[in-house]
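>
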Amino acid sequence: MKNTKLVKLLSTFSRSEMKEFRNFVMSPFYNTNKNVTNLNEVLMKFHPDYDSKLLTEEHIYSGVFGAGKFDYFKIKNISSDLYNLALGYLRQVPNPATEFIGEYNLVVQLRLRKLFNLHKKLVMNLQESFKKNEFRESEFLYDNYLLTRENQLVDLFEKPSSVTGILDEFESFYEYLVFHLLQYYNLLIHIGKENNVKINIKMIDEVVSFLEKGPVSNHPTTLAYQYLILLKLKQKEEYYFTLKANYFNCFSKMDASAAYRTHMHMFGYCADMYNFKGDRRYIQEGYELYKHSYLNGRVTSGELLYPDFVNFIKVFVRAGDTELAEQFISDYSPKLPVDQYENSINFSRAYISHYSGDIKNALIYISKVNFPLAILKVQVKILQVQLNYQLGYFEETRSMIESFRKSLAREEVISDEYKNPILSFMKHTINLIDLKQETDRKKRELELSLLKKTIIDSQLNHFGVRFWLLDRIDEF
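So for the sequence shown, our numbering puts the first residue at 26; every next one is plus one.
1) Looking at the secondary structure, which residues open and close the alpha helix (DSSP H) in which residue 482 lies?
2) Alpha carbon to alpha carbon, how far is residue 104 from residue 116?
3) Helix, strand or coil for residue 26 per DSSP?
4) Of the choices 287, 278, 461, whose alpha-carbon is the least far from that of residue 267?
5) Express the C-alpha separation of residue 346 and residue 314 in angstroms, rounding to a whole number.
6) Quick one: Cα of residue 23 to Cα of residue 247, how far?
7) If residue 249 sits next to residue 271, beta carbons under 8 Å apart, how far is it from one beta carbon to the other, in whole angstroms?
8) So, residue 190 versus residue 169, is the Cβ gap smaller than 8 Å?
9) To the nearest angstrom, how far is it from the Cα of residue 488 to the Cα of residue 245?
10) Could you spell out where the alpha helix (DSSP H) holding residue 453 opens and where it closes?
11) With H, G and I counted as helix, E and B as strand and the rest as coil, what does DSSP make of residue 323?
12) Measure from the alpha carbon of residue 480 to the alpha carbon of each residue in 496, 465, 467, then state which is nearest.
13) Using a 10 Å radius around the Cβ and a threshold of 16 neighbouring Cβ atoms, would you call residue 332 buried or exposed?
14) Roughly how many angstroms lie between the CA atoms of residue 366 and residue 85, to the nearest whole one?
15) Give the secondary structure of residue 339 by DSSP, where H, G and I count as helix, E and B as strand, and everything else as coil.
16) So what does DSSP say about residue 94, is it helix, strand or coil?
17) Apply the 10 Å Cβ neighbour rule to residue 449 and answer buried if 16 or more other Cβ atoms are within range, or exposed otherwise.
18) Only counting the same chain, and skipping five residues up and downstream in sequence, which positions put a Cβ closer than 7 Å to that of residue 32?
19) Would you check if the distance between the CB atom of residue 179 and the CB atom of residue 136 is smaller than 8 Å?
20) Assess contact between the region 421-430 and the region 451-461, defined as three or more Cβ pairs (one per stretch) separated by less than 8 Å. Is contact present?
21) Assuming contact is defined by CB atoms lying nearer than 8 Å, are residue 406 and residue 372 in contact in what I supplied?
22) Determine the closest residue to residue 234 out of 259, 469, 70, with distance taken between C-alpha atoms.
23) Round the Cβ separation of residue 46 and residue 111 to the nearest angstrom and send it over; I've been treating them as touching at under 8 Å.
24) Helix, strand or coil: which one does DSSP assign to residue 394?
25) Given residue 118, which residues of its chain have a CB within under 8 Å of its CB, disregarding the five upstream and five downstream residues?
26) Quick one, which of 51, 53, 65, 443 has its alpha-carbon nearest residue 35's?
27) Cβ of residue 285 within 8 Å of Cβ of residue 295?
28) Assuming the contact rule is C-beta atoms closer than 8 Å, residue 433 and residue 301 should be a hit. Round their C-beta distance to whole Å, please.
29) Measure from the alpha carbon of residue 114 to the alpha carbon of each residue in 71, 55, 164, then state which is nearest.
30) Under DSSP, the alpha helix (DSSP H) around residue 229 begins and ends at which residues?
31) Note down the Cα distance separating residue 442 from residue 219, rounded to an integer number of angstroms.
32) Please decide whether residue 110 counts as near chain E, where near means a Cβ-Cβ distance under 8 Å.
33) Roughly how many angstroms lie between the CA atoms of residue 173 and residue 228, to the nearest whole one?
34) Cβ atoms of residue 62 and residue 51: under 8 Å apart, would you say?
35) Exposed or buried, which one is residue 311 when buried takes at least 16 other CB atoms within 10 Å?
36) Quick one: grab the DSSP three-state call for residue 163.
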């Protein structure tokens, strides 16, 4: 019986839900079959795991019907009845999308019965309660529209020529509509870019033209969607800073998932400016975003993934805040998956040691890291190359680069967009070694100048390799 749809459903119920469901089953309004009630009482003893050896149809049958010959169809029929009752119970459990339905039905009934004074009072009370709602997301906007529409319908009886009611109704519907439109536009633009496919998004040019004229709403999430669209399509820095200001100012009023998505896309822009433009300002920008998420308890939208843990450390250390990195390790390392705990901690220690100038210890830490994820393996090898070079282990560095080059060529999950800057980094590191070993001072100075120009003109900064190369040149 363990794998039946009834048990699978009941196993998702919390203890409080099981108590409510018990009352539901015992209510004669919903159930008049005592055998179904008895079945629920027997099954409750196995909640929440339902993994006992006694959880067999025969044992459950005897618990419901007592001694007697086992009848498969009798237990099957009452199990089906209890399952349908469980579905009926769930239909009554409120959720953010439906919890307003009961109140709305009451409002409509009062209007239909022409009890306008009671109708007005209830609508007014509901609207007042809405004002206290911090997280004014999709469900709120729709419910607010329904209430405003109810006001308008009653106003027509009292002030047939007034336009105030219809304007209020239009404004509330506009807020709901623009929220959802921009949400979908964001999603479609993101999917198109992530999968490198062209999606025919209706009215996108007209919508962008509308968005460029200025703020389209006072709703914090709608504004976030607006400036995310403009940032993605126009890539103008001004939209990033407008988005950032809105995000920080309205963070407490945003839904957690919307705030997380906004943070993710803003940091994506910072990462692009860091990786592709080599703009050092965005080290600080990324740091401010990650620090804000950390201090506000928004490190993750669910389970902590080890690549996210590593990324927080990199962002903090890159900006020079090793103290915050250490605090983050202390707070979040216990939440790391067991199989990647050592890898994540050793990588973090290597990164902090490298920044702090403790190159030898950084090399010891990084030598212990063996991530399974290809993109993190690449970062480990980059750091190993950098550390060996900085320690003056030039022959080891040459050998490591040759091995790295071959393994990178075989790595199918790493795109050319990442491979090419890394291959260029390896080539320039070999150039640096050659210049370190060059005895002709004038030749070295000339070639060093040419190398610096080449790096500035063409080397991308994935994982900070451009900055590292320029810093090494400045050490000559």
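Where is the CB? At the ideal position from N, CA and C, for every residue including glycine.
As the structure is a computational prediction, the values presented were derived from the model and not from experiment.
Reading it off the structure:
1) For residue 482, the uninterrupted alpha helix (DSSP H) segment begins and ends at 466-483.
2) Taking the straight line joining both Cα atoms gives about 19 Å.
3) coil
4) Nearest of 287, 278, 461 to residue 267, Cα basis: 287.
5) 14 Å
6) Because the chain in this structure spans residues 26 to 501, residue 23 falls outside the shown range and cannot be described.
7) 6 Å
8) no
9) 33 Å
10) 441-461
11) coil
12) 496
13) exposed
14) 44 Å
15) helix
16) Coil at residue 94, not helix or strand.
17) It is buried - the Cβ of residue 449 has at least 16 other Cβ atoms within 10 Å.
18) 26, 75
19) yes
20) yes
21) No, they are not a contact pair.
22) When each option's Cα is compared against that of residue 234, the closest is 259.
23) 7 Å
24) The answer is coil: DSSP assigns residue 394 none of H, G, I, E or B.
25) Cβ contact annotation for residue 118 (same chain, cutoff 8 Å, sequence separation greater than five): 42, in chain order.
26) Comparing Cα-Cα distances from residue 35 to each of 51, 53, 65, 443, the minimum goes to 65.
27) no
28) No, residue 433 and residue 301 are not in contact; Cβ-Cβ is about 19 Å, not under 8 Å.
29) 55
30) 229-236
31) 13 Å
32) No chain E appears in the structure shown, which is made up of a single protein chain.
33) Roughly 28 Å separates the two Cα atoms.
34) yes
35) buried
36) helix
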